[in-house]
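Counting along the sequence shown from 1, when you hit position 5 you're at 2 in the working numbering, and nothing is skipped either side. C-beta atoms are modelled at their ideal positions from N, C-alpha and C, and glycine is treated no differently.
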Amino acid sequence: MTPRVDRICGPAVGAGVAFSFCTLMTKRQQYDEFRASMQAAGFTDTDCEYLIVDNSQSNVGDGYSGLNSLLNEARGRFVILCHQDLLAIDPRRVLEQRLAELDRVDPRWALAGNAGGRYA
């Protein structure tokens, strides 16, 4: 069975979507903090969408079926698969600069990743 994807917020259908943030959500409060953090960093509903597979009551979508469902629903130019405990540290322009850098280095890049972070 294909897990249901919920679009929490984002531009209307047909509008351009720059970023799709896709999450297997297990804790709503933690997810809400993530989303508020991202929106404060400039990833607003104007051109960003937030998609979840809701695993808060039971595991309806795992790393294979859930992420594939999210990827199939995502409309963004850039699709970000992320944990619900992510918090934005830098403003949106920093990510956009890094992606532009990737485009300059290799216009055919397809996947970028990050693990961990630095804290001052």
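For residue i: DSSP bridge partner residues
i, result
"Tyr47", "Cys6 and Phe18"
Distance, residue j Cα to residue i Cα
i, j, result
"Asn69", "Gln27", "24 Å"
"Ala9", "Ala37", "20 Å"
"Asp100", "Trp106", "7 Å"
"Glu46", "Ala12", "11 Å"
"Asp3", "Leu83", "19 Å"
"Leu92", "Met(-2)", "35 Å"
For residue i, the nearest candidate out of the options (CA to CA)
i, options, result
"Asp59", "Val102, Ala15, Thr20 and Leu48", "Thr20"
"Val50", "Arg74, Met35 and His80", "His80"
"Ser55", "Arg90, Val91 and Met22", "Met22"
"Val14", "Ala97, Thr41, Lys24 and Asp3", "Thr41"
"Gly39", "Val2, Tyr61, Asp103 and Arg90", "Arg90"
"Arg32", "Gly7, Ser53 and Arg74", "Gly7"
"Asn111", "Leu64, Leu78, Met(-2) and Thr43", "Leu78"
Expected contact under 8 Å - CB spacing of residue i and residue j to nearest Å
i, j, result
"Val76", "Pro0", "That belief does not hold up - the Cβ atoms of Val76 and Pro0 are roughly 16 Å apart, past 8 Å."
"Arg72", "Ser34", "That pair is no contact at about 22 Å."
"Leu48", "Leu67", "5 Å"
"Arg25", "Ser62", "Between Ser62 and Arg25 the Cβ distance is about 21 Å, and since that is not below 8 Å, they are no contact."
Residue ranges of each alpha helix (DSSP H) within the segment 52 to 103, 4 or longer: 62 to 70 and 89 to 102
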